[in-house]
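Novice: Protein sequences, first through last, are from chains Z and S. Throughout, the numbering used here is defined as the position within the first sequence, counted from one, plus 21. Throughout, the numbering used here is defined as the position within the second sequence, counted from one, plus 1251. Where is the CB? At the ideal position from N, CA and C, for every residue including glycine. Just dropping this structure here.
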Amino acid sequence: MFFDHFNYWITVILFVIGLYTVMSRSNLVKKMIGLSIFQIAVFLLYITMGKIEGGTAPIIIDQPDVIYSNPLPHVLILTAIVVGVATTALGLALVVRIKETFGTIDEDEILQMEETK
Amino acid sequence: MSSLFAQAPILAIILPLLSAPICALFRGATFPWALTTIVSALSFGLSLDLLFYVAEHGAVSYEIGGWAPPYGIEYIADPLSAFVMTIISGISTGVLLFARESILKEVPASRLGFFFSAYLLAIAGMMGITVTGDAFNIFVFLEITSLSSYVLISMGAGTDRRALTAAFQYLIVGTIGATFILIGVGLLYAMTGTLNIADIASQFDQIEDTRPVRAAVGFLVVGFAIKLAMFPFHIWLPNAYTYAPSIVTALFAGTATKVSVYLLIRFIYSMFGADFSFGDLPLTTLLLPFAVVAILSMSVVAIFQDNLKRLLAFSSVAQLGYMILGIALASESGLTASILHMFNHAIVKTGLFLSVGAMFYVTGSVYLKDLAGIGQRMPITTFGFVLGGLALIGVPLTPGFISKWYLVQAVLERGDALGYGLAISMLISSLFAVIYIWRVVELAYFKPSPEGAPTGEAPLTLIIPCWIFILGGFYFGIETSMSVGFAETAAKFLMGALQ
């Protein structure tokens, strides 16, 4: 059962680890790490969908009865990876600005400072 | 159909998209603003053209790069998407007229090129979400919108450093929401092998009884709920609206959440079909309680705010509850009310946030304690705010009354105890709205101004756009045939698409 759907299990495990990290950590950088793991789990889901058992790379070759893997999910996920990188970059840039203005990257401390202001 | 008009669906998106990098190259306050305003106005013109064309001739389909669907990406302007496009570009153009003076107070002039570049990307993204007929394209445009809106919100850091944490919080929550949508689209693709919404919809009844599809529906609905700040997921919205620059708040209050409401309608009605969403799946019982809790609790929370922008933000969450309520009723009249409220609330809320922006321009604060006696200090702006507030409450002759009237009719159409209960909860929520608007009115007119408070009316360039929205709201509150007509056509189209 586990090895039949190996990729899908990994997807689910990474997905939950990422989401848990985002919710449980108060360090903003660790939150970003969790968010990246969470997104990467979904990339794996898409890439797994494209693989067809016994399929080869989708380059047309002159052979009968050849099975090709589906390249489209890979192309889609290339776009999603770009989005993920942009999100991480923007998130970390915000963390830098937060560190500059608040002097800390711990969410609990920031919340305290916001309340007292 | 002229040859240029045939390109209208793509032009409305590509103009802001391509102008964004040009904008980023320029420094100074005037050029980026002028370019953004012109581009936004052009998009508005194209959307209006499309709206009238579609209302008469039916949906327009545009094949990107000449690749025929379902393989190529298809842009579709149908009665619903053309209507939402018009709302987005119209609100954006009106807000930009206000932006010239207002934004200089909040963002340094050297950064305005980047600011307006992000603004244009946000517009392009929202228009793109609305017009595209491709499920993955929706995700891409959603992320374009989201990333630029995180930037726009964090630009408020010059006024209040909490804008940074608000933007970060929105980034975390928004990315989780978008990733949920991505999973949903992926599972649908795995089951159908296509990304074209119409194509998925046509195959939907063969696959609707499978577990991946149910999971996909779950992920998609939760993803949209996060993006539209539906009640338990609304936590990011009040912070983001409070600390963003005035014009950004006004723009997003009128457009961003409306786009997510549009997506929810589009997926529930066009793709899954009402029979599946409300028959096989209990979406009515899932969405209704959240809508009612949002309507009631968020109006109460709004009463206790000491920041005017935050007060309006919580009222926005409550008003989104009305739209969800209309969707959850699963009837044509409910859908009409929901679409109509999208339009009416967009105009009213933008007008309100713009008048708050004008108050901020003069007084430098949006805290209620600093705004005491503002009615004597800025009579024209404050009167506009009060008129907008009446629309929020739903006083007759205002647009708020029209959409609540249609919603009450739709609710009572059920004819059961639940229907009456919903109508009563809407009435109670309107009473709460009276209280929170009255708090502002009392403070503005019956409290003495603080010592040495800045006095004087905002410049005309701020007051005129503000009053365009307020008076425009009243126009659509009295002359309802146009807005109701478009909403009814859209609702009929969505319900008709099922058979």
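Is it the case that the segment 1677-1686 of chain S contacts the segment 1314-1321 of chain S, given that we only count it when at least three CB pairs across the two stretches are under 8 Å?
Specialist: no
Novice: Provide the residue span of the alpha helix (DSSP H) that contains S1606(S), from first to last.
Specialist: Position 355 of the second sequence, counting from 1, holds the residue named residue 1606(S). S1606(S) -> alpha helix (DSSP H) spans E1583 to T1614.
Novice: Can you tell me whether E1307(S) is helix, strand or coil according to DSSP?
Specialist: Here the question's residue 1307(S) lines up with position 56 in the second sequence. E1307(S): helix per DSSP, three-state reduction.
Novice: Over what stretch of residues does the beta strand (DSSP E) that includes A1328(S) continue unbroken?
Specialist: Along the second sequence, read from residue 1 onward, the residue named residue 1328(S) stands at position 77. Note, A1328(S): beta strand (DSSP E), E1325 to A1328.
Novice: From the DSSP output, which residues share a beta bridge with D1385(S)?
Specialist: On the second sequence, position 134 is the one that residue 1385(S) refers to. N1447(S).
Novice: For the alpha helix (DSSP H) containing S57(Z), list its first residue and its last residue.
Specialist: On the first sequence, residue 57(Z) is found 36 positions in, with the first residue counted as 1. Counting along the chain, the unbroken alpha helix (DSSP H) around S57(Z) starts and ends at L49 to G71.
Novice: For T100(Z), would you say it is in contact with chain S, using Cβ-to-Cβ distances shorter than 8 Å as the test?
Specialist: Here residue 100(Z) is taken as the residue at index 79 of the first sequence, counted from 1. By this cut-off, T100(Z) is an interface position.
Novice: By DSSP's criteria, S1312(S) is part of a beta bridge. Which residues make up the other side?
Specialist: The residue labelled residue 1312(S) in the question sits at position 61 within the second sequence. The partner list for S1312(S) (beta bridge, DSSP) reads I1327(S).
Novice: Quick check on the DSSP output: the alpha helix (DSSP H) that includes K1777(S) runs from which residue to which?
Specialist: This structure leaves residue 1777(S) out entirely; chain S is present only between 1252 and 1750.
Novice: For a cutoff of 8 Å on Cβ pairs, would you count V1391(S) as touching chain Z?
Specialist: For this step, residue 1391(S) is matched to residue 140 along the second sequence. True, the Cβ-Cβ gap to chain Z drops below 8 Å.
Novice: Rounded to whole angstroms, what is the Cα-Cα separation between Q1627(S) and F1604(S)?
Specialist: Translated into positions along the second sequence, residue 1627(S) becomes position 376. Translated into positions along the second sequence, residue 1604(S) becomes position 353. Cα to Cα, the separation comes out at about 20 Å.
Novice: Report the residue from A1579(S), F1482(S), S1616(S) and S1511(S) whose alpha carbon sits nearest the alpha carbon of V1552(S).
Specialist: Position 301 of the second sequence, counted from the start, is the residue given in the question as residue 1552(S). Of the listed residues, the one whose Cα sits closest to V1552(S) is F1482(S).
Novice: Rounded to the nearest angstrom, what separates Y29(Z) and L115(Z) at their Cα positions?
Specialist: As a working note, residue 29(Z) is residue 8 in the first sequence. As a working note, residue 115(Z) is residue 94 in the first sequence. Approximately 33 Å, taken between the alpha carbons.
Novice: Quick check on D1456(S): buried or exposed, where buried means 16 or more other Cβ atoms within 10 Å of its Cβ?
Specialist: Taking the first residue of the second sequence as 1, we reach residue 1456(S) at position 205. D1456(S) should be labelled exposed.
Novice: Give the secondary structure of D1411(S) by DSSP, where H, G and I count as helix, E and B as strand, and everything else as coil.
Specialist: For the purposes of this step, residue 1411(S) is taken as the residue at position 160 of the second sequence. Reduced to three states, the DSSP call for D1411(S) is coil.
Novice: Below 9 Å on C-beta distance, what does L1398(S) contact in chain Z?
Specialist: As a position in the second sequence, residue 1398(S) is number 147, starting the count at 1. In chain order: V104, A107, T108 and L111.
Novice: How about L1515(S) and L1539(S): are their beta carbons less than 8 Å apart?
Specialist: Walking along the second sequence from the start, residue 1515(S) turns up at place 264. Walking along the second sequence from the start, residue 1539(S) turns up at place 288. Taking 8 Å as the cut-off, the Cβ atoms of L1515(S) and L1539(S) do not count as close.
Novice: Quick one: using the 10 Å Cβ neighbour count with 16 as the cut-off for buried, is T1536(S) buried or exposed?
Specialist: To locate residue 1536(S), count along the second sequence from 1; it is residue 285. Label assigned to T1536(S): exposed.
Novice: In three-state DSSP terms, what is D1667(S)?
Specialist: Here residue 1667(S) refers to the residue found at position 416 of the second sequence. Three-state result, D1667(S): coil.
Novice: Starting from the Cα of T100(Z), find the closest Cα among P1701(S), L1393(S), G1474(S) and V1382(S) and give me that residue.
Specialist: On the first sequence, position 79 is the one that residue 100(Z) refers to. For the residues P1701(S), L1393(S), G1474(S) and V1382(S), the minimum Cα distance to T100(Z) belongs to L1393(S).
Novice: Compute the distance between the beta-carbons of S1734(S) and F1727(S), then report whether it is under 8 Å.
Specialist: Residue mapping note: residue 1734(S) aligns to position 483 of the second sequence, counting from 1. Residue mapping note: residue 1727(S) aligns to position 476 of the second sequence, counting from 1. Yes.
Novice: If distances are taken between C-alpha atoms only, which option among F1720(S), Q1258(S), S1732(S) and F1744(S) comes closest to I1342(S)?
Specialist: By 1-based counting over the second sequence, the position of residue 1342(S) is 91. It is F1720(S) whose Cα lies nearest to the Cα of I1342(S).
Novice: Under 8 Å, Cβ to Cβ, is there at least one residue of chain S near E130(Z)?
Specialist: Here residue 130(Z) refers to the residue found at position 109 when the first sequence is read from its first residue. Taking Cβ atoms only, chain S never reaches closer than 8 Å to E130(Z), which makes this a no.
Novice: Leaving out five residues before and five after I1714(S) in sequence, what residues of the same chain have Cβ atoms less than 8 Å from its Cβ?
Specialist: Position 463 of the second sequence, counted from the first residue, corresponds to residue 1714(S). So the qualifying residues of the chain are A1609, I1631, T1632, G1635 and E1708.
Novice: Can you check whether the CB of E1583(S) is closer than 8 Å to the CB of K1743(S)?
Specialist: As a first step, residue 1743(S) must be located in the second sequence, where it is residue number 492. As a first step, residue 1583(S) must be located in the second sequence, where it is residue number 332. K1743(S) places its beta carbon less than 8 Å from that of E1583(S).
Novice: Give me the Cα-Cα distance between A1386(S) and G1323(S), rounded to the nearest whole angstrom.
Specialist: Within the second sequence, the letter at position 135 stands for residue 1386(S). Within the second sequence, the letter at position 72 stands for residue 1323(S). Rounded to whole angstroms, the separation of the alpha carbons of G1323(S) and A1386(S) is 12 Å.
Novice: Go through its chain and collect everything with a Cβ distance to S1270(S)'s Cβ below 8 Å, but skip five positions before and after it.
Specialist: Start at 1 with the first residue of the second sequence, and residue 1270(S) comes out as number 19. Hits under 8 Å: L1286, T1287, V1290 and L1371.
Novice: Give a yes or no on whether 8 Å exceeds the smallest Cβ distance from V1468(S) to chain Z.
Specialist: Numbered from its first residue, the second sequence carries residue 1468(S) at position 217. Not one chain Z Cβ lies under 8 Å of V1468(S).
Novice: Would S1676(S) and I1546(S) be called neighbours here (beta carbons separated by less than 8 Å)?
Specialist: Numbered from 1 along the second sequence, position 425 holds the residue referred to as residue 1676(S). Numbered from 1 along the second sequence, position 295 holds the residue referred to as residue 1546(S). It is a contact, given that the beta carbons lie within the stated cut-off.
Novice: Looking only at C-alpha atoms, which of D1460(S), G1425(S), I1427(S) and A1429(S) sits nearest to M1442(S)?
Specialist: Here residue 1442(S) refers to the residue found at position 191 of the second sequence. M1442(S) has its Cα closest to that of D1460(S), out of D1460(S), G1425(S), I1427(S) and A1429(S).
Novice: Alpha carbon to alpha carbon, what distance is there between S1405(S) and A1360(S)?
Specialist: Within the second sequence, the letter at position 109 stands for residue 1360(S). Within the second sequence, the letter at position 154 stands for residue 1405(S). Computed Cα separation, rounded: 16 Å.
Novice: Let me make sure I understand the geometry here. Which of F1366(S), M1593(S), P1710(S) and M1522(S) has the alpha-carbon closest to that of P1496(S)?
Specialist: Stepping through the second sequence from its first residue, residue 1496(S) is reached at position 245. Per the Cα distances, F1366(S).
Novice: Where in the segment 1352-1403 of chain S do unbroken runs of the alpha helix (DSSP H), each at least 4 residues long, occur, reported from the N-terminal end onward?
Specialist: 1363-1382
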